[in-house]
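Trainee: Residue numbers (the working numbering), protein chains in the order written: chain W, 803 to 1053; chain B, 139 to 561.
I have a structure here, written as structure tokens, and I will follow up with some questions on it.
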């Protein structure tokens, strides 16, 4: 079942066009991986899904992005509500320079999700458990989040993202700053999370895309070249360019 | 390695060594200037922290005091006539002196000696009718002689202390009746025309009030302006224009702000002249651009990833700014504020224009009482001819420097606390 339906999206940075006519169906409770060489527009596309491109003044998005039949690319949309439903994890771990507890509690606080201190404690604990971080930090929740290791910080960011129970989580190369062990932990986590949430992940690592995703989209020079089941994209792609990229002939 | 390469390598090392030496010489020069400056001020000023007293005896004679009552009340003592008692206390130092020469003795103590005689009795009512020793503030000339700042070997007609007075001074000194004690009144007295009585209480309080008023006006305005410009304002020609003008404002000579204070605050709004309120507002015009620039720079220095993290969590622009960006930028903003205030602390010209240069011999209790400020006090005293004021100028500079050091220290502590909390 389709969660997000993207139709004919064009994105411009000033006069430069970054995305050309991208149409894609993102299925619910699946992991969709976006691959492609640097500068191909996959991050730009990802940021359309929670309207983070709004931050960039010269950026202009055209086309239709519908989540559960709600038009996201509309002036009338309340981005605060949207981002409550669509969480994001960034390339570089960016926990707030606050305590671990405050990091996870921030979203529920501003969205008024928890009614009491006990409820908040519960949310923090569940989120940290889902992010597979609870056992490592349960005794030091009042320590500063930026003092954790890189992998722990990224899991903290994931805990922060799932604290408001979003329906979709966007991940922008979440493992590119991490070592292989931390990467493996995050990938395991993604596998667990997809039972409840729809995940869109941008990655540079093709093996990662192959491991974690059910669908894969290949971007090149702002165009979605090919999109389909991960198995098919990696074993038997229709497009020659996809074939070349996957076999490492360019990119 | 061929010789060309070897030579090149040697040249590179030499260049580095030379460069390090230039740096060391520059630091040495700067430090030696500072040392000379400090030595000058301390060697001239330390004696101002000593006060010279002349000890004599006073007889609180009821008849001379014109007190009739058997057991006089506080009011009787308050209203008594101390002129003769005080006069006798001084002339008793040399009973043989003809009456028409007595001024020479009286001149050896401050003109307030009568008040000092009165104060002693008011504090100790049981002295009435008794002969008791009393300390009187020595005149600034005797004070300077005692401190060795005054040459004794120049011809008498060029000297402010004549031979007779020196003779009395020597006699008293031998008897141990010239006392030198820590000069408390320098810190507790307002300004005076007489060097021996002049203190910094008025100008110190004036400076404190001015800085507080300056902080109260400039900090909120500057921080709000910086936050709006940095986080909310659209980037267009108009905001560019504002930015250029703020930078220009920081470079405007302070005397221009003084004229603005004179023309607007005093002439249009009729605020009270010579007060720290007006002084502080005028100074806040000066500190405003400094704080805005510092606050904007530190807002800019907050990594964009923090903003993105907050926005992606669904925080509004306002929440992102208030919960994350502003707290993280506070240490930088605060240190910028301190720099601005430190500039304001040493500012003289604008305060002279709004009338804080007036002679104030009361200690201000509120920001709307007339007051001087420390740098203006330095300026006033440095214009005075009396030798006694020379050391006061240096002493006042020392107090100003101490004030600055304290402020910077406080800033460091605050900064440290904030940084601990936020990173």
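Every residue, glycine too, gets a C-beta built ideally from N, C-alpha and C.
Give the secondary structure of residue 459 of chain B by DSSP, where H, G and I count as helix, E and B as strand, and everything else as coil.
Mentor: Helix.
Trainee: Cβ of residue 885 of chain W less than 7 Å from any chain B Cβ?
Mentor: Yes, its Cβ sits closer than 7 Å to a Cβ of chain B.
Trainee: Using CA coordinates, which residue listed in W/836, W/875, W/818, W/904 is at the minimum distance from residue 808 of chain W?
Mentor: Per the Cα distances, W/875.
Trainee: If I follow the unbroken alpha helix (DSSP H) through residue 1022 of chain W, where does it start and stop?
Mentor: Element bounds for residue 1022 of chain W: not the alpha helix (DSSP H) but the beta strand (DSSP E), 1017-1022.
Trainee: Got a sec: which bits of the segment 425-455 of chain B sit with their beta carbon under 8 Å from any beta carbon on chain W, in order along the chain?
Mentor: Under the 8 Å Cβ criterion, the segment 425-455 of chain B contributes 441, 443, 444, 445, 446, 447, 448, 449, 450, 451, 452, 453, 454.
Trainee: Return yes when the Cβ of residue 896 of chain W is within less than 7 Å of the Cβ of residue 443 of chain B, no when it is not.
Mentor: Cβ atoms of residue 443 of chain B and residue 896 of chain W: closer than 7 Å.
Trainee: Among B/290, B/280, B/351, which residue has its Cα nearest to the Cα of residue 317 of chain B?
Mentor: Per the Cα distances, B/280.
Trainee: Kindly list, in the order they appear in chain B, the residues whose Cβ is closer than 8 Å to that of residue 894 of chain W.
Mentor: Those are 443, listed as they occur along chain B.
Trainee: If we ignore side chains and look at the alpha-carbon of each, how far apart do residue 561 of chain B and residue 856 of chain W end up?
Mentor: In this prediction, residue 561 of chain B scores a pLDDT of 44, lower than 50, which makes its location untrustworthy; no coordinate-derived value is stated.
Trainee: Taking any Cβ of chain A, which residues in the segment 466-493 of chain B have a Cβ under 8 Å from it, in chain order?
Mentor: Looking for chain A here will not work: the only protein chains present are W and B.
Trainee: 7 Å is my cut-off, CB to CB: does residue 457 of chain B come that close to chain W?
Mentor: Output row for residue 457 of chain B: interface = yes.
Trainee: So which residues on chain B does residue 962 of chain W lean against when the C-beta distance must stay under 9 Å?
Mentor: Per Cβ cutoff of 9 Å: 447, 451.
Trainee: Can you tell me the Cα-Cα spacing of residue 183 of chain B and residue 531 of chain B, whole angstroms?
Mentor: Taking the straight line from one Cα to the other gives about 7 Å.
Trainee: Using a C-beta cutoff of 7 Å, does residue 1019 of chain W count as contacting chain B?
Mentor: Taking Cβ atoms only, chain B never reaches closer than 7 Å to residue 1019 of chain W, which makes this a no.
Trainee: Using the three-state DSSP reduction, which class does residue 282 of chain B fall into: helix, strand or coil?
Mentor: In this structure, residue 282 of chain B counts as helix in the three-state DSSP scheme.
Trainee: For residue 260 of chain B, I'd like the list of residues in its chain whose CB is within less than 8 Å of its CB, leaving aside the five on either flank, ordered along the chain.
Mentor: Same-chain partners within the cutoff: 212, 215, 216.
Trainee: Indicate whether at least one CB of chain B lies closer than 7 Å to the CB of residue 999 of chain W.
Mentor: Judged by the 7 Å Cβ criterion, residue 999 of chain W is not in contact with chain B.
Trainee: Check for me: the alpha helix (DSSP H) holding residue 803 of chain W runs from which residue to which?
Mentor: Neither: residue 803 of chain W is in no alpha helix (DSSP H) and is coded neither H nor E.
Trainee: Check residue 524 of chain B in the structure and name its three-state DSSP category.
Mentor: Three-state DSSP puts residue 524 of chain B in coil, outside helix and strand.
Trainee: Going along the chain, which residues of the segment 846-861 of chain W sit with their C-beta nearer than 8 Å to a C-beta in chain B?
Mentor: Those would be 852, 854, 857, 859, in chain order.
Trainee: Could you check what DSSP says for residue 561 of chain B in three-state terms: helix, strand or coil?
Mentor: With a pLDDT of 44 at residue 561 of chain B, under the threshold of 50, the predicted position of this residue should be treated as unreliable, and no value is reported.
Trainee: The alpha helix (DSSP H) that contains residue 481 of chain B, what's its start and end?
Mentor: Looking at the DSSP string, the run of the alpha helix (DSSP H) that includes residue 481 of chain B is 464-483.
Trainee: Step through the CB atoms of chain B and report whether any lies within less than 7 Å of the CB of residue 949 of chain W.
Mentor: It does not: the Cβ of residue 949 of chain W has no partner Cβ on chain B nearer than 7 Å.
Trainee: Given this structure, state the Cα-to-Cα distance separating residue 393 of chain B from residue 481 of chain B, to the nearest angstrom.
Mentor: For residue 393 of chain B and residue 481 of chain B, the distance between alpha carbons rounds to 13 Å.
Trainee: Residue 335 of chain B to residue 155 of chain B, Cα distance in whole Å?
Mentor: Whole-angstrom Cα-Cα distance: 57 Å.
Trainee: Note down, in chain order, each residue of its chain lying with its Cβ closer than 8 Å to the Cβ of residue 330 of chain B, except the 5 sequence neighbours on either side.
Mentor: Hits under 8 Å: 336, 337, 499.
Trainee: Pick helix, strand or coil for residue 862 of chain W, following the three-state DSSP scheme.
Mentor: The answer is strand: DSSP assigns residue 862 of chain W an E or B state.
Trainee: Do residue 429 of chain B and residue 403 of chain B have their C-beta atoms closer together than 7 Å?
Mentor: Cβ atoms of residue 429 of chain B and residue 403 of chain B: not closer than 7 Å.
Trainee: Using 7 Å as the threshold, is the C-beta distance between residue 1041 of chain W and residue 1028 of chain W below it?
Mentor: Taking 7 Å as the Cβ cut-off, residue 1041 of chain W and residue 1028 of chain W qualify as a contacting pair.
Trainee: From the DSSP output, in three-state form, read off residue 152 of chain B for me.
Mentor: Note: residue 152 of chain B maps to helix in three-state DSSP.
Trainee: Say whether chain B places a C-beta atom closer than 7 Å to the C-beta of residue 828 of chain W.
Mentor: Not closer than 7 Å to any Cβ of chain B, the Cβ of residue 828 of chain W fails to qualify, so no.
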